[in-house]
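Trainee: Chains as they are written, first to last, in numbering that gives the first Met the number 0: chain L, 0 to 159; chain R, 0 to 420. Here a beta-carbon is modelled for each residue, glycine too, at the ideal position from N, C-alpha and C. One structure, pasted below without further comment.
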Amino acid sequence: MIGNAHTYDKNHINTDEIIPARYLNMDQEKDLAKHAMEDIDEKFIHKVQEGDFVIAGKDFGCGSSREHAVWALRGAGIKAVIAVNFARIFYRNCMNNGFPAIECDDISKKVQSGDKLEIDIKAGKINNLTKNEQYNFKPLPEFALKMIEVGGLMNYITIE
Amino acid sequence: MGKTITEKILAKHSGQENLSPGDLINAEIDVIMCHDVTTTPALDMLKAKGVNKVCDPDKIVVIPDHFIPNKDIKSAEMVAKIRRWVKEQGISKFYDLGKHGVCHAILPEQGHVIPGQIIICGDSHTSTHGALGAFSTGIGSTDLAAALATGKLWFKVPHSMLFTITGSLQKGVYSKDVILDIIRMIGVDGALYKAMEFNGDFIKQLSVEARMTICNMAIEAGGKSGIINPDQKTIDYVKSKTDQDFELIYSDHDAEYEKKYEINVSDLEPIIAFPNLPSNGKKISEIKENIYLDQAYLGSCTNGRLEDLQIAAEILKDNKVNPDTRMIVVPATTEIWKQANKEGLIDIFMDAGATVSTPTCGACLGGHMGILAGGEKCISSTNRNFVGRMGSPKSEVYLASPATVASSAIEGKIADPRKYL
Ligand code: SF4
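What follows is the structure, given as structure tokens:
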């Protein structure tokens, strides 16, 4: 995967910021995507391109269990979120959608918005093509890789 | 080595003898609760997979609450879809308008929470039900769809943290202040992925409702669940609600905890969590500036139960809400509303100049029925004060106990409830 980074060097970015509750009367990715990250960065949706990544600090996705947060990001074209770590339900929702949530130490300090990144999920490597740097991350658990491969929990349980 | 209540409940539901933190299991679910916002996407997923029948309609409890009564056409369509699905699947535990309320308040009140069970709901505050000794956790819509289809769900067995709480609270200080203080101490990710277990003399003194307030906010410290070992109060509460049999499960004395805290609450003061994190708690005596309020909100799954209304009414009786502040009271369930009415609490609120709404999540999540404008400040008995949580991203939410909400409503600014008691 290759794409540009959108970095929010902040801890505890919550699901109310990723997709505010005023839009929870909708559940289609394309509708939610229009409001992704609206309360933290109004310009996000105009900057993001298909294939990009969101980079953040600790505890990304804390707060409500709304899976709408994952859908809003994916609908906006985001292919993975890389954060220092994630809140539990958000992480679970990512796995269940086969959407990569990658935990990497200090990542929001190392990667600036606009950096071009190449991510190798299986090897646990991020290549910062702009800065010519490499970062390692703890490879995803086998269960998460399987979910990404089959496209999420609903496919997984029908395969099982 | 002994095991925690959480490890034992998860072991029992996955047919294992022994489980340790980190083990990945597939567990049998006892109760699947569905509310309006996260359920409709799950129904679409089931349809897309051609799953026409849920695993077992008796395991399912359906309680639309976020945008109830329907706030607009889109939310009306959501609930209409749920209503059709409930009929088609023969689900009998359906709390539609007239029996409605906040899902986490209705579930135990109507006898659907039994000690030792596994309970899930597509809502983060599902941790509430751990107050009755159940393993109870919030999940997303895909999880919900998978559980509705199979009756099972995957879990990673969490590490447990033990909070031993002793002492007695001063007048005017409540279990809400205790949990706000714990979150202040450990931070909003202090219990990330962990089961937060609470014990100690102080917990034993608390009513079951006040225990729910503590477990409800475990998620605000990042916890996977909050849990309290059952005691006689738990047993009496559950038996008063249902005649279903149950087996009591307890933590062993030599169970292993990742971390242990000992907390004495005897000197605790009222705590107010400042914007924009539940961990921004301040003791009321530390607040030197006047924080003027546009709104005071009493309700939600954290503090919208009968005893919360009784506490607030005691303070508001023969007092008036400040003319520059609007006060909204939202009894959490229809039963609570009726009881509050019988006890004269509704009259006390109305006479004080507050308004009393029908049960709903409403403004707690910035849905409807009391949204804040830019620049407005609200003191609230709810659980989250994130940016834009109750309305405009430029509004501010201060979290507090029902007593502090009531005293602050009277003075039109953040005020100590102790002088009114
Ligand atoms: S009352 Fe508030 S916190 Fe509780 S379930 Fe409803 S929206 Fe969520």
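Could you tell me whether any non-hydrogen atom of the ligand SF4 is closer than 7 Å to the CB of V60 of chain R?
Mentor: Looking up residue 60 of chain R in the second sequence gives position 61. No, the beta carbon of V60 of chain R sits no closer than 7 Å to any heavy atom of the ligand SF4.
Trainee: Within 10 angstroms of its Cβ, does F142 of chain L collect 16 or more other Cβ (buried), or is it exposed?
Mentor: For the purposes of this step, residue 142 of chain L is taken as residue 143 along the first sequence, with counting starting at 1. F142 of chain L comes out exposed.
Trainee: Check this for me: beta carbons of L191 of chain R and R87 of chain L, under 8 Å apart or not?
Mentor: As a first step, residue 191 of chain R must be located in the second sequence, where it is residue number 192. As a first step, residue 87 of chain L must be located in the first sequence, where it is residue number 88. In contact: L191 of chain R and R87 of chain L (Cβ atoms closer than 8 Å).
Trainee: Out of R:F66, R:A402 and R:G1, point me to the one whose CA is closest to R21 of chain L's CA.
Mentor: As a working note, residue 21 of chain L is residue 22 in the first sequence. For the residues R:F66, R:A402 and R:G1, the minimum Cα distance to R21 of chain L belongs to R:F66.
Trainee: For the ligand SF4, any of its heavy atoms closer than 7 Å to the Cβ of V264 of chain R?
Mentor: As a position in the second sequence, residue 264 of chain R is number 265, starting the count at 1. Because no heavy atom of the ligand SF4 lies under 7 Å away, the Cβ of V264 of chain R does not count as near it: no.
Trainee: Shorter than 7 Å, the distance from the beta carbon of C300 of chain R to the closest heavy atom of the ligand SF4, or not?
Mentor: Residue 300 of chain R sits at position 301 when you count from the first residue of the second sequence. It does: the Cβ of C300 of chain R is within 7 Å (strictly closer) of some heavy atom of the ligand SF4.
Trainee: Quick check: is the beta carbon of S123 of chain R nearer than 8 Å to any beta carbon in chain L?
Mentor: Numbered from 1 along the second sequence, position 124 holds the residue referred to as residue 123 of chain R. Yes, S123 of chain R counts as interfacial toward chain L.
Trainee: Are V329 of chain R and L364 of chain R closer than 8 Å when you measure CB to CB?
Mentor: Mapped onto the second sequence, residue 329 of chain R falls at position 330. Mapped onto the second sequence, residue 364 of chain R falls at position 365. Their beta carbons are not under 8 Å apart, which means V329 of chain R does not touch L364 of chain R by this criterion.
Trainee: Under DSSP, the alpha helix (DSSP H) around S379 of chain R begins and ends at which residues?
Mentor: For the purposes of this step, residue 379 of chain R is taken as the residue at position 380 of the second sequence. Note, S379 of chain R: premise wrong, no alpha helix (DSSP H); beta strand (DSSP E) at K376 to S379.
Trainee: Output needed for G115 of chain R: all residues of its chain with C-beta closer than 7 Å, excluding positions within five of it in sequence on either side, in chain order.
Mentor: Position 116 of the second sequence, counted from the start, is the residue given in the question as residue 115 of chain R. I8, G132, A133, F245, E246, L247 and I248, listed in sequence order.
Trainee: Can you give me, in chain order, the residues of the stretch 134-157 of chain R that have a beta carbon less than 8 Å from any beta carbon in chain L?
Mentor: Of all residues in the stretch 134-157 of chain R, G137, I138, G139, S140, T141, D142, A144, A145, A148, T149 and W153 have a Cβ within less than 8 Å of some Cβ in chain L.
Trainee: Threshold first: 3 residues or longer. Then list the beta strand (DSSP E) segments lying entirely within the stretch 292-376 of chain R, N to C.
Mentor: Runs found: 294-297 and 325-328.
Trainee: Look up F85 of chain L in the DSSP assignment and say whether it is helix, strand or coil.
Mentor: Position 86 of the first sequence, counted from the start, is the residue given in the question as residue 85 of chain L. In this structure, F85 of chain L counts as strand in the three-state DSSP scheme.
Trainee: Would I44 of chain L count as contacting chain R if we go by Cβ distances under 8 Å?
Mentor: In the first sequence, the residue the question calls residue 44 of chain L occupies position 45. Output row for I44 of chain L: interface = no.
Trainee: Does R82 of chain R get closer than 8 Å to chain L when you measure Cβ to Cβ?
Mentor: In the second sequence, counting from the first residue as 1, residue 82 of chain R sits at position 83. Not closer than 8 Å to any Cβ of chain L, the Cβ of R82 of chain R fails to qualify, so no.
Trainee: Could you please tell me which residues of the stretch 307-324 of chain R, in chain order, have their CB closer than 7 Å to any CB of chain A?
Mentor: Checking the listed chains, one finds no chain A in this structure; the protein chains it contains are L and R.
Trainee: Does the contact criterion of 3 or more C-beta pairs under 8 Å hold for the stretch 339-354 of chain R versus the stretch 375-383 of chain R?
Mentor: No, they do not touch.
Trainee: If you compare alpha carbons, which of R:K281, R:D22 and R:R210 is closest to V156 of chain R?
Mentor: As a first step, residue 156 of chain R must be located in the second sequence, where it is residue number 157. Checked all of R:K281, R:D22 and R:R210; the closest Cα to V156 of chain R is R:D22.
Trainee: Run through the DSSP bridge pairs and tell me what T165 of chain R is partnered with.
Mentor: As a position in the second sequence, residue 165 of chain R is number 166, starting the count at 1. According to DSSP, T165 of chain R bridges with R:N263.
Trainee: Taking the beta strand (DSSP E) that K155 of chain R belongs to, which residues open and close that run?
Mentor: Here the question's residue 155 of chain R lines up with position 156 in the second sequence. Run containing K155 of chain R: K151 to K155, per the beta strand (DSSP E) assignment.
Trainee: Is the separation between the beta-carbon of A8 of chain L and that of G56 of chain L shorter than 8 Å?
Mentor: Here residue 8 of chain L corresponds to residue number 9 of the first sequence, with the count starting at 1. Here residue 56 of chain L corresponds to residue number 57 of the first sequence, with the count starting at 1. A small correction: the amino acid at residue 8 of chain L is Asp; Ala does not occupy that position in the sequence shown. Yes, the pair counts as a contact, with Cβ atoms nearer than the cut-off.
Trainee: Is D64 of chain R near the ligand SF4, judged by its Cβ being under 7 Å from some heavy atom?
Mentor: Position 65 of the second sequence holds residue 64 of chain R. D64 of chain R: yes, Cβ under 7 Å from the ligand SF4.
Trainee: Report yes or no: is there a C-beta of chain R within less than 8 Å of the C-beta of R73 of chain L?
Mentor: Within the first sequence, the letter at position 74 stands for residue 73 of chain L. Not one chain R Cβ lies under 8 Å of R73 of chain L.
Trainee: Determine the direct distance from the alpha carbon of Y134 of chain L to that of L243 of chain R, and round the result to whole angstroms.
Mentor: Taking the second sequence and counting its residues from 1, one reaches residue 243 of chain R at position 244. Taking the first sequence and counting its residues from 1, one reaches residue 134 of chain L at position 135. For the record, residue 243 of chain R in the displayed sequence is Gln; it is not Leu. Cα-Cα distance, rounded: 55 Å.
Trainee: Looking at the ligand SF4, does it come within less than 7 Å of T39 of chain R, judged from the CB to the closest heavy atom?
Mentor: Within the second sequence, numbered from 1, the residue matching residue 39 of chain R stands at position 40. No, the Cβ of T39 of chain R stays beyond 7 Å of every heavy atom of the ligand SF4.
Trainee: Would the C-beta of T333 of chain R count as close to the ligand SF4, meaning under 7 Å from any of its heavy atoms?
Mentor: Indexing the second sequence from 1 puts residue 333 of chain R at position 334. No, Cβ of T333 of chain R sits at least 7 Å from all heavy atoms of the ligand SF4.
Trainee: For A217 of chain R versus M195 of chain R, is the C-beta spacing smaller than 8 Å?
Mentor: Stepping through the second sequence from its first residue, residue 217 of chain R is reached at position 218. Stepping through the second sequence from its first residue, residue 195 of chain R is reached at position 196. Yes, the Cβ-Cβ distance between A217 of chain R and M195 of chain R is below 8 Å.
Trainee: Return the CA-CA distance between P192 of chain L and I28 of chain R, expressed in angstroms with no decimal places.
Mentor: No answer is possible for residue 192 of chain L: it lies beyond the span of chain L, which begins at 0 and ends at 159.
Trainee: Taking V23 of chain R as the query, report the chain L residues whose CB atoms sit under 7 Å from its CB, ordered along the chain.
Mentor: Within the second sequence, the letter at position 24 stands for residue 23 of chain R. Residue identity differs from the one stated: residue 23 of chain R is Leu in this sequence, not Val. Ordered by position in chain L, the residues that pass the 7 Å Cβ test against L23 of chain R are F142.
Trainee: Let me check you understand the geometry: is the CB of L364 of chain R closer than 7 Å to at least one non-hydrogen atom of the ligand SF4?
Mentor: Residue numbering aside, residue 364 of chain R sits at position 365 when the second sequence is read from its first letter. Yes, since a heavy atom of the ligand SF4 falls inside the 7 Å radius drawn around the Cβ of L364 of chain R.
Trainee: Distance, Cα to Cα, Q204 of chain R vs P274 of chain R?
Mentor: Taking the first residue of the second sequence as position 1, residue 204 of chain R is located at position 205. Taking the first residue of the second sequence as position 1, residue 274 of chain R is located at position 275. In a straight line, the C-alpha of Q204 of chain R is about 31 Å away from that of P274 of chain R.
Trainee: From the beta carbon of T129 of chain L, is the nearest beta carbon of chain R less than 8 Å away?
Mentor: By one-based count along the first sequence, residue 129 of chain L stands at place 130. Not closer than 8 Å to any Cβ of chain R, the Cβ of T129 of chain L fails to qualify, so no.
Trainee: Answer yes or no: the CB of D122 of chain R versus the heavy atoms of the ligand SF4, is any distance below 7 Å?
Mentor: Against the second sequence, residue 122 of chain R aligns to sequence position 123. Answer for D122 of chain R: yes, Cβ within range of the ligand SF4.
Trainee: Within 7 Å: the Cβ of H103 of chain R and any heavy atom of the ligand SF4?
Mentor: Within the second sequence, the letter at position 104 stands for residue 103 of chain R. Correct: H103 of chain R has its Cβ closer than 7 Å to the ligand SF4.
Trainee: Could you tell me whether the stretch 390-405 of chain R touches the stretch 257-273 of chain R, where touching means 3 or more Cβ pairs closer than 8 Å?
Mentor: A contact exists between the stretch 390-405 of chain R and the stretch 257-273 of chain R.
Trainee: May I ask whether a heavy atom of the ligand SF4 can be found less than 7 Å away from the beta carbon of T129 of chain L?
Mentor: For the purposes of this step, residue 129 of chain L is taken as residue 130 along the first sequence, with counting starting at 1. Result no, Cβ not under 7 Å from the ligand SF4.
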